[in-house]
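Trainee: Line order of the protein sequences matches chains A and B.
At position 319 of the first sequence (counting the first as 1) the number is 319 in our numbering, and the numbers step up by one without a gap.
At position 72 of the second sequence (counting the first as 1) the number is 392 in our numbering, and the numbers step up by one without a gap.
Have a look at the structure that comes next, please.
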Amino acid sequence: MLLQVEQLRTYLHLRRGVLRAVDGVSLHVAEAETLGLVGESGSGKTMTGLSLLRLLPRGAGRIEGGSIRLDGQDLTALTEADMARDIRGRRIAMIMQDPMTSLNPVFSIGDQVAAPLRYHDIASGAVLRSQVIDVLKRVRIPSPEQRLGDYPHQFSGGQRQRIVAAMAIGCTPRLLIADEPTTALDVTIQVQIISLLKRIQQDAGLGIVLITHDLGVAASLCHRIAVMYAGQIVETAPVRAIYKAPAHPYTQALLAAIPRLHATERRLTAIPGQPPSLIDPPEGCRFAARCPHRMDRCAEPPPVVDLGNGHSAACWKLAA
Amino acid sequence: MLEADAITKHYRTSRGTVRAVEGVSFSLPKRGTLALVGESGCGKTTIAKMVLLLERPSGGAIRFEGQDIATMPRLALKAYRRRVQAVFQDPYASLNPRLRVGRIIAEPILAHERPGRAALDKRIAEVLDIVGLPAAAARLYPHEFSGGQRQRIAIARALAPRPELMVLDEPVSALDVSIRAQVLNLLQDIQDEYGLTYLIIAHDLALVQHFSSSVAVIYLGRVAEAGPTGPVFADPRHPYTQALLAAVPLPDPDHVLSEAAAAGEIASALHPPSGCAFHPRCPHAFAACPASVPPPHAVADGHIAACHLLQETHA
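Written out as structure tokens, the structure is:
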């Protein structure tokens, strides 16, 4: 297995208390597979992604337990120097939401795409230049030879996200974490970046963790989906099963709450209430307070029920 | 109720003239919901600003009940400012953090009338109740509420002076999926109950289809296609509308996304392409497209599309 995460717990130590951002998350990603981490803001999906790179908020964020294995090697046991030298940007790369903030406005894009290759001693001199041109070609930047000296503001939003992707794949990583990579883009540009990510994956066989709140984007890119709610994975399944046969009440509610193109319903099925605070989360099922199927047993932590064919969900209703 | 007649808005900048809005016309009947859709920079928010008197059109006219809002007499204009209210995208930015919720809701009322203390409190409690918040919320500050609750407060504020037209600028795009449905349902209930007319600005096509009765698809400051929402979405006639709809990722793993429908990038309103502004990205472009701006062509009852392709086939 390319990536195997077991019982990961990442807490944020804040002044108002300990926030259990990631609270017992287990997941895996195979080579050439895209796993979608789907959830709403505050569900812990971004913190899970940052934990894989050990890029947590300085001082406040700590991995409290669990393991993160990349090709069998436990990343939680590595020193910061090892993470920086061998893992970050080298074997695990990341694409963030807003290409305007992940690119430095005062460096040319040639310099920025070259930086990880230089840092990891992969190339220098003329070889470096030709590798930079090559990777920019792979993300379909037109005539990259002439544009190496240009700055981020000289590119459109979609092109900037292509440049960010070029920085990420330059060192041929094994795993790519893409955190809302198309959220800041318009829909006709978004579709271009979605197919770029698919092509990158086919070319390099890399595993992708796609973090998104958009169930449409997840459906178009992912092989498997893990649905997060309040710091935990509530359901995980192959992509078809999540959309055609969602088992967890939260997944069902989420799918019923989105307006759909070419559907005629006049009313959306809203989910009442809001997610619980993760500073003092409920003991039992965290969705129980909003769940239409709530029963007495939901006051205890729900078991993860195996539904077969790689489909599982944490819900008492399914255990019965 | 509301009518835009060939409105334009040009901004002069040091780099040239930005043609943000270039001859947009639409009409919005009472109790109707018109959605303006399009990608960033297409001019949809500029149009909303002109309706709200936050910007003045460079040309054309916006008429409210037949009266040009640019030349309205003072009293009618004051009434217009009360009768038209707005809800904006970000409830974190649109509510003053230093004011209590009661005061926030009172402001648009006090701008138009001088009710007594008791009457004012009663009205505040009323609108809070409409949006599903307790009367006690009036004593709290915006930071004490979640994003969805804040958007309810923003809706309560807009309702407070008893408006007839509401401009909704991306009213749910800052909210989470599960909260979005609550707020959309609330907006629909209020519309049914109080007979409101909505002008909604949105980029989410599924939402627009769900929420609006008519739609205008805007590309680089011009209406590409407009009409009743059902027919426009079921049978889009402009290649840009077709491209937009094809590019929406659906929550269905069997759906195949089409990248081919709109190649390349959105041009700048500073240097819009000649003729039909969509022609550099259009898979069907031919000689006429860069040569002249296609006039709106009626394809069905109330359904228009501005595309040379339609002129040719119907000629």
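Where is the CB? At the ideal position from N, CA and C, for every residue including glycine.
Less than 7 Å between C-beta atoms, sequence neighbours within five positions excluded: which residues of the same chain meet that for Lys350 (chain B)?
Mentor: Counting from 1 along the second sequence, the entry for residue 350 (chain B) is found at position 30. The residues are Met321 and Thr517.
Trainee: Counting only the same chain and skipping the five closest in sequence on each side, list residues whose C-beta sits under 7 Å from that of Thr46 (chain A).
Mentor: Sequence index remark: in the first sequence, residue 46 (chain A) carries index 46 (1-based). Excluding sequence neighbours, Thr46 (chain A) sits near Asp179 and Ile211.
Trainee: Run through chain A and tell me which residues come within less than 8 Å of Gly515 (chain B), C-beta to C-beta.
Mentor: Against the second sequence, residue 515 (chain B) aligns to sequence position 195. Per Cβ cutoff of 8 Å: no residues; Gly515 (chain B) is ~17 Å from chain A at best.
Trainee: Rounded to the nearest angstrom, what separates Ala580 (chain B) and Leu374 (chain B) at their Cα positions?
Mentor: Translated into the one-based positions of the second sequence, residue 580 (chain B) becomes position 260. Translated into the one-based positions of the second sequence, residue 374 (chain B) becomes position 54. Going from the Cα of Ala580 (chain B) to the Cα of Leu374 (chain B) covers about 38 Å.
Trainee: Does Glu585 (chain B) come within less than 8 Å of chain A when only Cβ atoms are used?
Mentor: If you number the second sequence from 1, residue 585 (chain B) lands on position 265. With respect to chain A, the C-beta atom of Glu585 (chain B) has a partner C-beta closer than 8 Å.
Trainee: Three-state secondary structure (DSSP) at Met370 (chain B)?
Mentor: Your numbering for residue 370 (chain B) matches position 50 in the second sequence. Met370 (chain B): helix per DSSP, three-state reduction.
Trainee: So, is His463 (chain B) buried or exposed, given that buried needs 16 or more other C-beta atoms within 10 angstroms?
Mentor: Here residue 463 (chain B) refers to the residue found at position 143 when the second sequence is read from its first residue. That one is exposed.
Trainee: Checking contacts by CB at 8 Å: is Gln511 (chain B) closer than that to chain A?
Mentor: Counted from its first residue, the second sequence places residue 511 (chain B) at position 191. No, Gln511 (chain B) lies away from the interface with chain A (no Cβ there is under 8 Å from its Cβ).
Trainee: Between Gly361 (chain B) and Arg542 (chain B), what straight-line distance do the alpha-carbon atoms span, to the nearest angstrom?
Mentor: On the second sequence, position 41 is the one that residue 361 (chain B) refers to. On the second sequence, position 222 is the one that residue 542 (chain B) refers to. Those two C-alpha atoms are separated by around 11 Å.
Trainee: So for Gly550 (chain B), helix, strand or coil by DSSP?
Mentor: Within the second sequence, the letter at position 230 stands for residue 550 (chain B). Correct three-state label for Gly550 (chain B): helix.
Trainee: Residues in its own chain within less than 6 Å of His293 (chain A) by CB, not counting five upstream and five downstream?
Mentor: Position 293 of the first sequence holds residue 293 (chain A). Around His293 (chain A): Pro249 and Lys317.
Trainee: Do you know offhand how far Ile499 (chain B)'s Cα is from Gly39 (chain A)'s?
Mentor: On the second sequence, residue 499 (chain B) is found 179 positions in, with the first residue counted as 1. On the first sequence, residue 39 (chain A) is found 39 positions in, with the first residue counted as 1. Cα-Cα distance, rounded: 13 Å.
Trainee: With a threshold of 8 Å between beta-carbons, can Val619 (chain B) be considered close to chain A, or not?
Mentor: The residue given as residue 619 (chain B) occupies position 299 in the second sequence. Taking Cβ atoms only, chain A never reaches closer than 8 Å to Val619 (chain B), which makes this a no.
Trainee: Within a Cβ cutoff of 6 Å, which residues of the same chain sit near Ala635 (chain B), ignoring the five residues on either side of it in sequence?
Mentor: In the second sequence, the residue the question calls residue 635 (chain B) occupies position 315. Confidence is the limiting factor: at Ala635 (chain B) the pLDDT is only 43, short of 50, which leaves the residue's position unreliable, though a coordinate-based value still follows. In its own chain, leaving out the 5 sequence neighbours on each side, no residue places its CB closer than 6 Å to the CB of Ala635 (chain B).
Trainee: Quick one: list the residues of chain A neighbouring Ser493 (chain B), beta-carbon separation under 7 Å, in chain order.
Mentor: Taking the second sequence and counting its residues from 1, one reaches residue 493 (chain B) at position 173. In chain order: nothing, as chain A lies at least about 10 Å away.
Trainee: Checking the sheet assignment: what are the DSSP bridge partners for His623 (chain B)?
Mentor: As a first step, residue 623 (chain B) must be located in the second sequence, where it is residue number 303. According to DSSP, which records beta bridges pairwise, His623 (chain B) is partnered with B:Ala620.
Trainee: Give the list of continuous beta strand (DSSP E) stretches no shorter than 3 residues that lie fully inside the stretch 169-251 of chain A.
Mentor: 175-179, 207-212, 224-229 and 232-238
Trainee: Shorter than 8 Å from the beta carbon of Val29 (chain A) to some beta carbon of chain B?
Mentor: Taking the first residue of the first sequence as 1, we reach residue 29 (chain A) at position 29. Not one chain B Cβ lies under 8 Å of Val29 (chain A).
Trainee: Using only the alpha-carbon positions, how far apart do Ala438 (chain B) and Ala566 (chain B) sit?
Mentor: Here the question's residue 438 (chain B) lines up with position 118 in the second sequence. Here the question's residue 566 (chain B) lines up with position 246 in the second sequence. Going from the Cα of Ala438 (chain B) to the Cα of Ala566 (chain B) covers about 54 Å.
Trainee: With a cut-off of 8 Å, does the C-beta of His634 (chain B) fall near any C-beta of chain A?
Mentor: The sequence position of residue 634 (chain B) within the second sequence is 314, counting from 1. Any reading at His634 (chain B) must be qualified, since the residue scores a pLDDT of 46, below 50, and its modelled position is unreliable; the value itself is stated next. With 8 Å as the cut-off, His634 (chain B) does not count as an interface residue toward chain A.
Trainee: Are three or more beta carbon pairs between the stretch 560-576 of chain B and the stretch 237-251 of chain A nearer than 8 Å?
Mentor: yes
Trainee: Between the stretch 57-72 of chain A and the stretch 231-240 of chain A, are three or more C-beta pairs nearer than 8 Å?
Mentor: no
Trainee: Determine the extent of the beta strand (DSSP E) in which Ser532 (chain B) is found, giving its start and end residues.
Mentor: Here residue 532 (chain B) corresponds to residue number 212 of the second sequence, with the count starting at 1. Run containing Ser532 (chain B): none; DSSP gives neither H nor E here.
Trainee: Would you say Met259 (chain A) faces chain B, with C-beta separation under 8 Å as the test?
Mentor: Here residue 259 (chain A) corresponds to residue number 259 of the first sequence, with the count starting at 1. For the record, residue 259 (chain A) in the displayed sequence is Pro; it is not Met. Interface residue, yes.
Trainee: State buried or exposed for Gly358 (chain B), treating a residue as buried only when at least 16 other CB atoms are found within 10 Å of its CB.
Mentor: Counted from its first residue, the second sequence places residue 358 (chain B) at position 38. Its Cβ being crowded by 16 or more others within 10 Å, Gly358 (chain B) is buried.
Trainee: Kindly indicate which residue of B:Tyr514, B:Asn416, B:Arg459 and B:Ile521 has the alpha-carbon position closest to the one of Val371 (chain B).
Mentor: By 1-based counting over the second sequence, the position of residue 371 (chain B) is 51. Considering only alpha carbons, the answer is B:Ile521.
Trainee: Quick one: Cα of Asp509 (chain B) to Cα of Val187 (chain A), how far?
Mentor: Looking up residue 509 (chain B) in the second sequence gives position 189. Looking up residue 187 (chain A) in the first sequence gives position 187. Each residue's alpha carbon lies about 29 Å from the other.
Trainee: At least one CB of chain B closer than 8 Å to the CB of Thr172 (chain A): is that the case?
Mentor: Counting from 1 along the first sequence, the entry for residue 172 (chain A) is found at position 172. With respect to chain B, the C-beta atom of Thr172 (chain A) has no partner C-beta closer than 8 Å.
Trainee: Have a look at Ser466 (chain B) and Ala457 (chain B) and give me their C-alpha separation to the nearest angstrom.
Mentor: For the purposes of this step, residue 466 (chain B) is taken as residue 146 along the second sequence, with counting starting at 1. For the purposes of this step, residue 457 (chain B) is taken as residue 137 along the second sequence, with counting starting at 1. Each residue's Cα considered, the two are about 12 Å apart.
Trainee: Measure the alpha-carbon distance for Gln131 (chain A) versus Ala123 (chain A) and round it to whole angstroms.
Mentor: In the first sequence, counting from the first residue as 1, residue 131 (chain A) sits at position 131. In the first sequence, counting from the first residue as 1, residue 123 (chain A) sits at position 123. Cα to Cα, Gln131 (chain A) sits roughly 8 Å from Ala123 (chain A).
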